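Okay, so here's the structure we're looking at.
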Amino acid sequence: MIIERMLLVVTLLACFQTRAQEVEFGNVSKEELMETSYAQDSDASAAVTFRKQETYLLSSNGILRLITEVHERIKIYNKDGFEYATEKVNLFKAGSDKEEVRKIKASTYNLEDDKVVEYSLEKDQIFDTAMSFNYDQVKFTMPHVKEGSVIEFTYSISSPFVWNIDEFRFQRDIPVKHLMAELRTPKGFNFRQTQKGFLILNSKKTTKQDHRLGMEVVITSYDLKNIPAMKAENYVDNIDNYRSGAMFELVSIDIPGTPYRSYAQTWQDVAKTIGSSSDYKNDLDKTRSFKEELKTVLGGKTDQLQIAKDLFKYVKDQTEWNGLDGKSFQNGIKKTLKEKKGNAADINLLLVAMMRDAGIRANPVILSTKDNSMPFFPTVDRLNFVIAHAFIDGKDYYMDATEEFSDINLLPVRDYNWGGLLVDNHNKVWKHITAIKPRKANNIYALDISLDSEGYAEGNFKSRLSDHSAYRFRENFKNRDLDEYLNEMEQRYLGIEISDYEAGNTDTYEGMVTEKFVYETENGADVIGDKLYVHPLAFLRMDENPFKLEKREYPIDFGFPFRDRYMVNIKLPQGYVVESMPENVLVHLPNELGSYKYVVKKNAAGIQLSVTFDLNSAIISATNYSELKEYYNQIIIKGSEQVVLARASNEHNQSTAGSR
11 MIIERMLLVV TLLACFQTRA QEVEFGNVSK EELMETSYAQ DSDASAAVTF
61 RKQETYLLSS NGILRLITEV HERIKIYNKD GFEYATEKVN LFKAGSDKEE
111 VRKIKASTYN LEDDKVVEYS LEKDQIFDTA MSFNYDQVKF TMPHVKEGSV
161 IEFTYSISSP FVWNIDEFRF QRDIPVKHLM AELRTPKGFN FRQTQKGFLI
211 LNSKKTTKQD HRLGMEVVIT SYDLKNIPAM KAENYVDNID NYRSGAMFEL
261 VSIDIPGTPY RSYAQTWQDV AKTIGSSSDY KNDLDKTRSF KEELKTVLGG
311 KTDQLQIAKD LFKYVKDQTE WNGLDGKSFQ NGIKKTLKEK KGNAADINLL
361 LVAMMRDAGI RANPVILSTK DNSMPFFPTV DRLNFVIAHA FIDGKDYYMD
411 ATEEFSDINL LPVRDYNWGG LLVDNHNKVW KHITAIKPRK ANNIYALDIS
461 LDSEGYAEGN FKSRLSDHSA YRFRENFKNR DLDEYLNEME QRYLGIEISD
511 YEAGNTDTYE GMVTEKFVYE TENGADVIGD KLYVHPLAFL RMDENPFKLE
561 KREYPIDFGF PFRDRYMVNI KLPQGYVVES MPENVLVHLP NELGSYKYVV
611 KKNAAGIQLS VTFDLNSAII SATNYSELKE YYNQIIIKGS EQVVLARASN
661 EHNQSTAGSR
């Protein structure tokens, strides 16, 4: 139902709404407060009943600013909607220039003793924080919120980045009853409008004289109603990439009497722009700060790949990431080495500088991480991170030294988003590269099971994880209380009891992770009469399909491709024989995206099962969603099938005894 609602066409009214139809701040009725649910989505915990956004240029004392005014009203239906009582305003900054939020006004309205009571937000309830190297955040939580409340706020954002217009984001996690948005740009300043998401958005363009600017402006306006909620699903890289909205890019200035100017950029233009900054043009080659460190670390080594590995390890060991993104220095090389801490650029550009000084062809690669969303058109501002690249003996090596468990060509999953921009000033190479992709993780799970006639099972489990599977395990295992960790594992593995647990190679970023334990369970088989019914995959079977919707409109992102191989040996209880087994099966996804192979057979000791689950691509298109969903259905069905064991007849027992 959610996707069906999302596919509804959001239409522009034939005539733009007049101001009489807008919502006046503070004019909240009893009827609004008494409303208990949203008519178009009864599951909604809250709804935006009205939002108005106006973005325009304002000139004051010869200084031009981009102003965005916001007015929003939200109805809270139940406790799950309380999270929408917190508003977060992200403010971009670059160098000494930064955006500012002004004129915050906010109130909560409740119905008390049949009267509308207003609670205003106080100034000490507004908080400023540094969210990342390029973003600050202003946050406030509405006071006295309860089920049935209506909250309302207005504020204004003033930006010095006058041609960098933020995305007009129309779709939210909750439905929107009515949204009005307007962008005013000077006539002759031509902006390319890019729509995103899966709703059809119609905009209206008009022109009028703007007396504050002293020139004509083009007004791009939207008037939208009943926008469905955007619901997150499993395996989504960044849901914001798929929200319906509009983006604007300045492509040219065409004003009579002045030369025509084009601002349309390519990714090569963006890479050159970044490369011409002082950080990349000058500071990267200032090596005096670490000359002595290099002598100690390298000790006369000449193999370039080994040198890169040693320097990568050195930077990881000697510096700590402060959690802030950034494609430009926050501290710089010298201060980062001294304080042993810095943002992403401090750490990874330090690594680039060290490799260069050691004679390696090393350069920065600028990218947009998954949590920063996808850059839809060439722009400097939409890129937020930098990693290191080395070209050695004809091969590419990518490194991100900010994370403890990353390795060479094993980046944090957040870095695999869109490729990146290679900035090689020395060789005059500036280009978009798409070859930054995660390699396939190969994992093995081995299980030896002994059954008795009462359905009790005991056995040994072993696993071996590689690449990003090992990376993920290390992150999850680090600093965990072992008892708590094992309790969670026992619950996840259908209530088994675990003992003699060991995990190997978890404290380093190199090589495979191993895991082993002894287990027992009273539910190793279902006992019905004189027969035992056994799930051959035991507690390793999948019992729920992560894909539940009938249709999906955006890609499925697994993070990295993988091959999971399961090997199970089951020793039968004395006096039992195999009566029936599941059939072997091989299931394929289209276009060689993946396969599932299930092979079970009898042997002298009992039953042997081999399962191979291949997923060959980290990202699967939404066009293959139905096949992927059915693929998982087949895996679940196969995992639910059972081996049937029956008591052997006397004749069979005598035959068996005779054969011995």
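Throughout the sequence shown, residue numbering follows the working numbering, covering 11 to 670 in sequence. Built from N, CA and C at the ideal position, the CB exists for glycine as well. Owing to the predicted nature of the structure, the values given are computational and were not obtained by experimental measurement.
{"Asked": "Strand pairing of Gly255, partner residues [DSSP]", "Found": "Arg179, Lys206"}
{"Asked": "8 Å Cβ cutoff met for Tyr408 and Ile397", "Found": "yes"}
{"Asked": "Inter-residue spacing [alpha-carbon to alpha-carbon] between Lys337 and Ile343", "Found": "14 Å"}
{"Asked": "Identified DSSP bridge partners for Ile508", "Found": "Tyr529"}
{"Asked": "Alpha-carbon spacing of Tyr642 relative to Thr524, whole angstroms", "Found": "27 Å"}
{"Asked": "Val172 - DSSP class collapsed to helix/strand/coil", "Found": "coil"}
{"Asked": "Buried versus exposed call for Val439 [16 or more other C-beta atoms within 10 Å across all chains shown]", "Found": "exposed"}
{"Asked": "Local Cβ density within 10 Å of Arg490, reported as buried at 16 or more and exposed below that", "Found": "exposed"}
{"Asked": "Cross-strand partners of Gly352 (DSSP beta bridge)", "Found": "Trp331"}
{"Asked": "Which residues DSSP lists as bridging Ala363, in chain order", "Found": "Answer is none; Ala363 lacks a bridge partner."}
{"Asked": "Pro600 (DSSP reduced to helix, strand or coil)", "Found": "helix"}
{"Asked": "Exposure label - Ile210; buried when at least 16 CB within 10 Å", "Found": "exposed"}
{"Asked": "From Ile86, Gln63, Leu68, residue whose alpha carbon lies closest to that of Asp53", "Found": "Ile86"}
{"Asked": "Beta carbon of Pro422 nearer than 8 Å to that of Glu414", "Found": "no"}
{"Asked": "8 Å contact criterion, which Ile538 and Ile459 should meet: CB distance rounded", "Found": "At roughly 19 Å, the Cβ-Cβ gap does not stay under 8 Å, so Ile538 and Ile459 are not in contact."}
{"Asked": "Ile647: first and last residue of the uninterrupted alpha helix (DSSP H) it sits in", "Found": "635 to 650"}
{"Asked": "CA nearest to the CA of Ala274, picked from Val390, Ala628, Val227", "Found": "Val390"}
{"Asked": "Contact under 8 Å by Cβ, Pro2 with Ser631", "Found": "With the chain covering only 11 through 670, there is no way to say anything about residue 2."}
{"Asked": "Presumed contact (8 Å Cβ cut-off) between Glu602 and Asn626, rounded CB distance", "Found": "6 Å"}
{"Asked": "Straight-line Cα distance separating Met384 from Asn251", "Found": "6 Å"}
{"Asked": "Three-state secondary structure assigned by DSSP to Arg3", "Found": "As shown, the chain starts at 11 and ends at 670. That puts residue 3 outside it, with no answer to give."}
{"Asked": "Burial state of Ala256, where buried means 16 or more other Cβ atoms lie within 10 Å", "Found": "buried"}
{"Asked": "Burial state of Phe137 (16 or more Cβ within 10 Å)", "Found": "exposed"}
{"Asked": "Classification of Asp540 by the beta-carbon crowding that lies within 10 angstroms, buried from 16 upward", "Found": "exposed"}
{"Asked": "Alpha carbon of Ser473 to alpha carbon of Leu619, nearest angstrom", "Found": "16 Å"}
{"Asked": "Asp410 versus Asp107 - alpha carbon distance", "Found": "28 Å"}
{"Asked": "Contacting residues, own chain, Cβ-Cβ under 6 Å from Gln644 (five flanking each side not counted)", "Found": "Val597"}
{"Asked": "According to DSSP, residues forming a beta bridge with Met409", "Found": "Ala398"}
{"Asked": "C-beta neighbour in chain D for Ala57, strict 8 Å", "Found": "Absent from the structure is chain D; it holds one protein chain and no more."}
{"Asked": "Supposed close pair Arg575, Ile454 - CB separation, criterion 8 Å", "Found": "5 Å"}
{"Asked": "Cβ-Cβ separation, Thr96 to Asp154 (assumed contact under 8 Å), whole Å", "Found": "The amino acid occupying residue 154 in the given sequence is His; Asp does not appear at that position. Going by Cβ atoms, the distance from His154 to Thr96 rounds to 14 Å, so no, they are not a contact pair."}
{"Asked": "CB-CB length for Ile237 against Leu189, believed under 8 Å", "Found": "6 Å"}
{"Asked": "Where Ile357 falls: helix, strand or coil (DSSP)", "Found": "helix"}
{"Asked": "Top-ranked residue by Cα proximity to Gly267, from Gly310, Gly198, Thr276, Lys282", "Found": "Gly198"}
{"Asked": "Assigned secondary structure, Asn292 (DSSP; H/G/I helix, E/B strand, else coil)", "Found": "coil"}
{"Asked": "Ile446, DSSP secondary structure in three states", "Found": "coil"}
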